[in-house]
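Chemist:
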Amino acid sequence: AENQFSKGVPDSGFRTHAEAQKLNSRHDTPPDYRPSSGGDGNVTRGGTQSGSEQNLTAETVTRSRLQTSTSSTVLVEKTLLVTNETETADAFLGVERLRNASVTYVKKNDDSEPPYTVERALRTLESDTRESHAEACEALAEMFAAAPAVGVEIVMKGLVKSLTSAIAGGTSAFCAGGFALLHMFATAEVTSRRVKADDGVVSGQTNATVLASMRRYSKNQAVAQWGGMLLWALAKDNARCKIGTLNARVPGGRGTAAEILTNALRQHGGEAEATAKSLCGAIMTFASNSQEWQEALGELGAQSVVTQTLAQHPALTFKGEFDALRGWLRGNN
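Mapped onto our numbering, the consecutive letters of the sequence shown carry residue numbers 5 to 337.
Listed below in C-alpha cells is the structure:
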C-alpha cells in the first residue's frame, strides 16, 4: 500500500421498509401474515384442539409467517438493489452528458426562450426551476469549452455560489454532474486559483454542501466518486479550505466532514478503482500538512480504511503525492 501513493485525479431507493412493501404489494396496507381461516382438520369434535394439535398448528403458523416475511424482505432487498443501481447509472449518465457538452450541446430552437448567457445560466442555477438546472450546467460547460477565457468570467460572476445552491437541492444525477462541472473549473489552469479562493470554498460552505449530498445519496457510487474528486481538487494545497471544511457544519443531518468521508470510503472502497482513488485521495489531501485533520481522521480509524482499500486495488497509485503521510498511515502520528 505504501508504494501506491497520482498527482492527477482519474479521468434512492425507498425511504422505509414499509414504503417499499406498500409499493411492491400495490396495496395501502402491509401484507397479511395471518394463516387462512379455512378448516385444516385440526379441530376436534368438541370444538377444541388437543395440545399436540395446538403445538402443530402454532408451529405451522410460525413457519408460514417466517416464510412470508422472508420472501417479502428478499423482494424489498432486490427492489432496493435495482433502484440503487438505476439511480447510480442515471448519475453517471448526468456526468457523461456534461463531459460531452462541448460536442453535443445544442440550444433548443425555441423563439420564446432567449439564448443562454453567463448571467442567465447562473440565475437559472439559483432559481427554483430545477428542471432547467442540468441544461444551465451544460450551457456553462459549452461556453467554457468553446472559449476557456470565458471561464474566468463565469467564476468571477458567481459560479461557485450558484452551483452550490443548485447542488443543495439536486437529484443524485444532478449532484454528480454538478460535482463534475465544478471539478472542471477547479482543475483548469485558467480558473483553478480563483475557484479555490472563492469565499464559499475557503469558508467550507461549498464543501459542506458537497458532503451533505454525499451523505444524502450515500449508496450512489457516482456521487461518491465525483464528490471525492471535487473535494480532492478544492482542498489540494488549500489550507484555508481544509480548516473551513473541518469546522463547517454539514447541513441536513448528523456527521462531521471526517465521518462522512471515512464512511463513504468504507462503503465504496471495494468498488471501482476510480471511486476508491477519488475517496482515498480526498481523505489524504485533507490529512496532508494538517494536524487537525489527521487527529480527526485518526479517531475514526481512517488510516486503516485507506490502507485496506489500497490493498484491494493493487494497481492504484498516487505516484508519490502522499509520501509524507506514510507515518500517519501506519498510525505513528
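C-beta: ideal position from N, C-alpha, C; glycine also.
Treat the numbers as computed from the prediction; the structure is a model and nothing was measured.
(1) Do you know offhand how far T191's Cα is from E303's?
(2) Does the beta-carbon of M147 have 16 or more other beta-carbons within 10 angstroms, so that it is buried, or is it exposed?
(3) Candidates E325, A319, S131, Q307: which alpha carbon is nearest A335's?
(4) Is DSSP giving S54 helix, strand or coil here?
(5) Ordered along the chain, which non-local residues of its own chain (more than five positions away) have a Cβ less than 7 Å from that of A237?
(6) Express the C-alpha separation of P118 and T313 in angstroms, rounding to a whole number.
(7) Which one of V205, G162, E139, E89 has the shortest CA to CA distance from G181?
(8) So, for A276: in the same chain, excluding its five sequence neighbours on each side, which residues have a beta-carbon less than 8 Å away from its beta-carbon?
(9) Helix, strand or coil for V107? Go by DSSP, reduced to three states.
(10) Mind checking whether V194 and I158 have CB atoms under 8 Å apart?
(11) What are the start and end residues of the alpha helix (DSSP H) that includes A143?
(12) Give the straight-line distance between the Cα atoms of N113 and T168, rounded to the nearest whole angstrom.
(13) So what does DSSP say about D327, is it helix, strand or coil?
(14) Using a threshold of 8 Å, state whether the C-beta atoms of G231 and S217 are closer than that.
(15) Quick one: what does DSSP say R334 is sitting in, helix, strand or coil?
(16) Give a yes or no on whether the C-beta atoms belonging to L163 and L126 are separated by under 8 Å.
(17) Where does S207 fall in DSSP's three states?
(18) Please name the residue in A172, A243, Y221 whose C-alpha comes closest to that of Q295.
(19) Use the C-beta contact count for A286: other C-beta atoms within 10 angstroms, 16 or more gives buried, fewer gives exposed.
(20) State yes or no: is the C-beta of H137 within less than 8 Å of the C-beta of F183?
(21) Taking G256 as the reference, which of K161, E135, G173, M160 has the closest Cα?
(22) For T311, which of F326, L144, L333, D202 has the nearest alpha-carbon?
(23) Three-state secondary structure (DSSP) at H317?
(24) Give me the residue from S166, L265, S292 with the minimum Cα distance to L283.
(25) Helix, strand or coil, according to DSSP, for R198 in the structure here?
(26) Can you tell me whether S73 is buried or exposed, with buried defined as 16 or more other CB within 10 angstroms of its CB?
(27) Within the stretch 150-188, note down every full alpha helix (DSSP H) run reaching 4 residues or more, in order along the chain.
(28) My assumption, with CB atoms under 8 Å, is that L320 sits in contact with S292. Please give the rounded CB distance.
(29) Could you give the DSSP three-state label for R244: helix, strand or coil?
(30) Report back the beta-carbon spacing between V205 and C245 to the nearest angstrom; my notes put them in contact at under 8 Å.
Modeler: In this structure, then:
(1) Within the sequence shown, residue 191 is the residue found at index 187, counting from 1. Within the sequence shown, residue 303 is the residue found at index 299, counting from 1. Spanning the two alpha carbons is a distance of roughly 31 Å.
(2) Within the sequence shown, numbered from 1, the residue matching residue 147 stands at position 143. When all chains shown are included, M147 counts as buried.
(3) One-based indexing of the sequence shown puts residue 335 at position 331. According to the sequence as given, residue 335 is Gly; it is not Ala. Checked all of E325, A319, S131, Q307; the closest Cα to G335 is Q307.
(4) What you label residue 54 is simply residue 50 of the sequence shown in a count that begins at 1. Note that S54 has pLDDT 46, beneath the 50 cutoff, so the model's placement of it is unreliable and the number below is only indicative. In the structure shown, S54 sits in coil (DSSP, three-state: anything other than H, G, I, E or B).
(5) Position 233 of the sequence shown, counted from the start, is the residue given in the question as residue 237. So the list reads V13, H187, A190, T191, once near-sequence residues are dropped.
(6) Indexing the sequence shown from 1 puts residue 313 at position 309. Indexing the sequence shown from 1 puts residue 118 at position 114. Taking the straight line from one Cα to the other gives about 49 Å.
(7) As a position in the sequence shown, residue 181 is number 177, starting the count at 1. The candidate whose alpha carbon is nearest that of G181 is E139.
(8) For this step, residue 276 is matched to residue 272 along the sequence shown. Q225, Q229, listed in sequence order.
(9) Position 103 of the sequence shown, counted from the start, is the residue given in the question as residue 107. With a pLDDT of 39 at V107, under the threshold of 50, the modelled position of that residue is not reliable, and the figure given next carries that caveat. If DSSP states are grouped into helix, strand and coil, V107 belongs with the helices.
(10) As a first step, residue 194 is located in the sequence shown; it is residue number 190 there, counting from the start. As a first step, residue 158 is located in the sequence shown; it is residue number 154 there, counting from the start. No, they are not a contact pair.
(11) By 1-based counting over the sequence shown, the position of residue 143 is 139. Where A143 is concerned, the enclosing alpha helix (DSSP H) stretches over 137-150.
(12) Locating residue 113 in the sequence shown gives position 109, counting from the first residue. Locating residue 168 in the sequence shown gives position 164, counting from the first residue. With a pLDDT of 44 at N113, under the threshold of 50, the predicted position of this residue should be treated as unreliable, though the coordinate-derived value follows. Looking at the two C-alpha atoms, the distance is approximately 29 Å.
(13) Indexing the sequence shown from 1 puts residue 327 at position 323. Here D327 sits in helix by DSSP.
(14) For the purposes of this step, residue 231 is identified with residue 227 of the sequence shown, where counting begins at 1. For the purposes of this step, residue 217 is identified with residue 213 of the sequence shown, where counting begins at 1. The answer is yes: Cβ separation under 8 Å.
(15) Here the question's residue 334 lines up with position 330 in the sequence shown. Residue state, collapsed to three classes: coil.
(16) If you number the sequence shown from 1, residue 163 lands on position 159. If you number the sequence shown from 1, residue 126 lands on position 122. Yes, these two residues count as a Cβ contact at 8 Å.
(17) On the sequence shown, residue 207 is found 203 positions in, with the first residue counted as 1. Coil, per DSSP.
(18) Residue 295 sits at position 291 when you count from the first residue of the sequence shown. Minimum Cα distance to Q295 is reached at A243.
(19) Counting from 1 along the sequence shown, the entry for residue 286 is found at position 282. Per the 10 Å Cβ criterion, buried.
(20) The residue given as residue 137 occupies position 133 in the sequence shown. The residue given as residue 183 occupies position 179 in the sequence shown. For H137 and F183, no; Cβs fall outside 8 Å.
(21) Translated into positions along the sequence shown, residue 256 becomes position 252. Considering only alpha carbons, the answer is G173.
(22) Within the sequence shown, residue 311 is the residue found at index 307, counting from 1. Taking only the C-alpha atoms, the option nearest T311 is L333.
(23) Along the sequence shown, one-based indexing puts residue 317 at 313. DSSP places H317 in coil when its eight states are reduced to three.
(24) As a first step, residue 283 is located in the sequence shown; it is residue number 279 there, counting from the start. The shortest C-alpha separation from L283 is found at L265.
(25) For the purposes of this step, residue 198 is identified with residue 194 of the sequence shown, where counting begins at 1. The answer is helix: DSSP assigns R198 an H, G or I state.
(26) Residue 73 sits at position 69 when you count from the first residue of the sequence shown. Any reading at S73 is ruled out, since the residue's pLDDT is 42, under 50, leaving its predicted position unreliable.
(27) 154-160, 163-172
(28) What you label residue 320 is simply residue 316 of the sequence shown in a count that begins at 1. What you label residue 292 is simply residue 288 of the sequence shown in a count that begins at 1. Not really, about 18 Å apart at Cβ, beyond 8 Å.
(29) Sequence index remark: in the sequence shown, residue 244 carries index 240 (1-based). If DSSP states are grouped into helix, strand and coil, R244 belongs with the helices.
(30) As a working note, residue 205 is residue 201 in the sequence shown. As a working note, residue 245 is residue 241 in the sequence shown. Right, the Cβ-Cβ distance comes to about 5 Å (below 8 Å), so this counts as a contact.
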